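In the numbering used here, the protein residues as written are 1389 to 1984.
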């Protein structure tokens, strides 16, 4: 952040946290906690849980830097104002709802009856994870609940508390540990983010209280708590004079942030909530499937030469596919044509086009015959479902309920359940794009390929999903996808030429000095490979050990001779031989005997 925004010197960490109420501090859901230094120590204490999670051992690791003087002064000034006049935080939030009614559903204050503080020794039953706390543990009139009187008219609600915030490496979910640490260090709030930033970036931590750091966690209060913290942050920013900011070393560039409305701040908080998955969410996502295709996507995009594949993105067929709904684009190609890289380019282009839009989903799978054990029919559906869920602000309730059902029985989603969940999840987006690479490598065993294509076609026809598929020229697959728009994938000459130009540095030095020879190499290889990108890579690699111009030209003539006027089967044989020769060169360089 410092490198990207060199003029920033101070900041506010605004978000949600878990409260630590006791007789001294009447902390309730929706309240606000502001990190405040005490006894010469910073306002945030860092702690770590040990490895014995069952016993919840923990250790303190120190106090973090205190907020800058400018922010501490502003906090004290605002605190004094609130003590005299009270605050208008809830009025400010309601004014936002009047202006933006759609926000009311997720950000308004929940019913006060749902603010229940259970005795520290009351643990939410593990077998009742899907039940509400009121049903599983009791309501406000239960002896399991800490009795608290309603706040009076003269009391602030939400209340603002000033003191220590504990930041740790795991979510605090144990009320006994909460009370012990809170009593020892006078902790008001627990969270998980400040420790990673405050020693590197001076800031003030502001947290809206959304739970009580115990096993009775729920998300009812997260929206309001985030909004309340953002509203306080706005009020605080208004207390900082422009002249003081200018004196804080190049803060003038961000003075416009002081003018932002609370809705702008809440959007940032909402973005944080969107990215945040608590332990339960991560457990559910990993249970759906541990398979992640994102690393493959990143690897393929790194291999892309600049501007290659643009012919596909600019084609009329692709543009019509992107702009339409419920469209299918089938792209067959010979082996080595670069189908997988082009599929990755399509994914990258879609993500760039719809970046930041929560109403558009992009999901993808790279089929591979080597991964058949984790690419069964159910696995493929699960991968698509997981990717779609990850692009939602939270896991849909129906999926959580189904997960809870199976968790109790130690069972898994059935194929029918996955299909239904996939169909339901597509309805959460206005646009859905699915990219399937190398469909010919999707296994046929147990009807996997047939079942998968049936589900994909159903999503396209009945749920408006756009389907992009690559494959080799397999008659059976060509027949299946004949109803889709077809666009053959071949390595375009410009793409091959661009790739070869990027590889010239790998050839001997005498080639670097001879631009004419470089052009000749490009021309001959482009002509010889005839749409087979992988063959261009192998041919280029075979030139790296040529020590004379004559040797290179001889190799170029041999390339053209191998592929001239040959059919596809013969070219595949040439590709196989070139690959074996490349392996022999590698073995020779490592002192091994070439394969015979």
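Ideal placement from N, C-alpha and C gives every residue a C-beta, glycine not left out. Please read all numbers here as calculations on a predicted model, not as lab measurements.
Once DSSP output is grouped into helix, strand and coil, what is the label at residue 1403?
Here residue 1403 sits in strand by DSSP.
Round the Cβ separation of residue 1877 and residue 1721 to the nearest angstrom and send it over; I've been treating them as touching at under 8 Å.
Sure, about 3 Å apart at Cβ, within 8 Å.
In chain order, what residues of the same chain have a beta carbon less than 6 Å from the beta carbon of residue 1697, not counting five sequence neighbours either side?
If we look at residue 1697 and ignore the five residues flanking it on each side, its Cβ neighbours are 1730, 1733.
For residue 1774, collect the residues of the same chain with a Cβ closer than 7 Å to its Cβ; drop the 5 residues on either side in sequence, then sort them by chain order.
Cβ within range, chain order: 1673, 1676, 1677.
Just list the beta strand (DSSP E) runs in the region 1546-1593, keeping only unbroken ones of 3 residues or longer that don't cross its boundaries, in chain order.
The region 1546-1593 contains these whole beta strand (DSSP E) runs: 1548-1556, 1575-1579.
Heavy atom of the ligand ATP less than 7 Å from the Cβ of residue 1739, yes or no?
Ligands are entirely absent from the displayed structure, and the ligand ATP is therefore not among its contents.
Starting from residue 1420, follow the beta strand (DSSP E) in both directions and report where the run begins and ends.
1420-1423 is the span of the beta strand (DSSP E), which, as asked, contains residue 1420.
Going by alpha carbons, who is nearest to residue 1419 out of 1406, 1401, 1425, 1479?
Nearest option by C-alpha distance: 1406.
Is DSSP giving residue 1904 helix, strand or coil here?
Looking at residue 1904 - three-state DSSP - the assignment turns out to be helix.
Under 7 Å Cβ to Cβ from residue 1912, same chain only, skipping five residues before and after it: list those, please.
Cβ within range, chain order: 1944, 1947, 1948.
Are there three or more Cβ pairs, one per stretch, closer than 8 Å when the region 1470-1477 is compared with the region 1530-1549?
Touching, per the Cβ criterion.
If I measure Cβ to Cβ from residue 1868 and keep anything under 8 Å in the same chain, skipping five residues before and after, which residues do I get?
Only 1841 meet the Cβ criterion.
With respect to the alpha helix (DSSP H) encompassing residue 1468, which residues constitute its N-terminal and C-terminal limits?
Element bounds for residue 1468: 1457-1473.
Alpha carbon to alpha carbon, what distance is there between residue 1849 and residue 1715?
Their Cα atoms are separated by approximately 8 Å.
For residue 1807, which residues does DSSP report across the bridge?
Its beta-bridge partners do not exist; DSSP assigns none.
Alpha carbon to alpha carbon, how far is residue 1718 from residue 1759? Give it in angstroms, no decimals.
About 23 Å.
Pull up the CB-CB distance for residue 1822 and residue 1751, whole angstroms please, since I reckon it's below 8 Å.
Contact holds; Cβ gap of about 5 Å.
What separation, rounded to the nearest whole angstrom, lies between the Cα atoms of residue 1402 and residue 1854?
If you take the alpha carbons of residue 1402 and residue 1854, they lie about 38 Å apart.
Using CA coordinates, which residue listed in 1834, 1928, 1914, 1920 is at the minimum distance from residue 1893?
Nearest of 1834, 1928, 1914, 1920 to residue 1893, Cα basis: 1928.
Alpha carbon to alpha carbon, what distance is there between residue 1671 and residue 1455?
Residue 1455 and residue 1671: Cα-Cα distance of roughly 35 Å.
According to DSSP, what are the bridge partners of residue 1669?
None, per the DSSP bridge assignment.
If you reduce the DSSP assignment to three classes, tell me which class residue 1713 lands in.
In the structure shown, residue 1713 sits in coil (DSSP, three-state: anything other than H, G, I, E or B).
DSSP beta-bridge partners for residue 1854?
Its beta-bridge partners are 1821.
What residue range does the beta strand (DSSP E) around residue 1751 cover?
1748-1754 is the span of the beta strand (DSSP E), which, as asked, contains residue 1751.
So, does the region 1559-1569 touch the region 1593-1608, judging by three or more C-beta pairs under 8 Å?
Touching, yes.
Helix or strand or just coil, what does DSSP make of residue 1432?
In the structure shown, residue 1432 sits in a strand (DSSP, three-state: E or B).
Hey, quick one: how far does the alpha helix (DSSP H) through residue 1687 stretch, first residue to last?
Its alpha helix (DSSP H) spans residues 1682-1691.
Can you pull the DSSP bridge partners for residue 1506?
According to DSSP, residue 1506 bridges with 1533.
Which stretch, first to last residue, makes up the alpha helix (DSSP H) that contains residue 1699?
From DSSP, the alpha helix (DSSP H) with residue 1699 extends over 1698-1702.
So, is residue 1800 buried or exposed, given that buried needs 16 or more other C-beta atoms within 10 angstroms?
Exposed is the call here.
Which residue marks the beginning of the alpha helix (DSSP H) containing residue 1776, and which one marks its end?
Residue 1776 -> alpha helix (DSSP H) spans 1765-1778.
Taking Cβ positions, are residue 1810 and residue 1768 nearer each other than 8 Å?
Their beta carbons are not under 8 Å apart, which means residue 1810 does not touch residue 1768 by this criterion.
By the three-class DSSP mapping on this structure, what secondary structure does residue 1642 have?
Caution is warranted here: a pLDDT of 35 is assigned to residue 1642, below 50, making its placement in the model unreliable, and the coordinate value is therefore given only provisionally. DSSP places residue 1642 in helix when its eight states are reduced to three.
Any idea if residue 1605 is buried or exposed, counting beta-carbon neighbours within 10 angstroms, 16 or more meaning buried?
Counting Cβ neighbours within 10 Å, residue 1605 comes out buried, since at least 16 surround it.
Taking all protein chains shown into account, do 16 or more other C-beta atoms lie within 10 angstroms of the C-beta of residue 1423, making it buried, or fewer, making it exposed?
Under this definition residue 1423 is a buried residue.
Compare the beta carbon distance of residue 1404 and residue 1712 with 8 Å and say whether it is the shorter of the two.
For residue 1404 and residue 1712, no; Cβs fall outside 8 Å.
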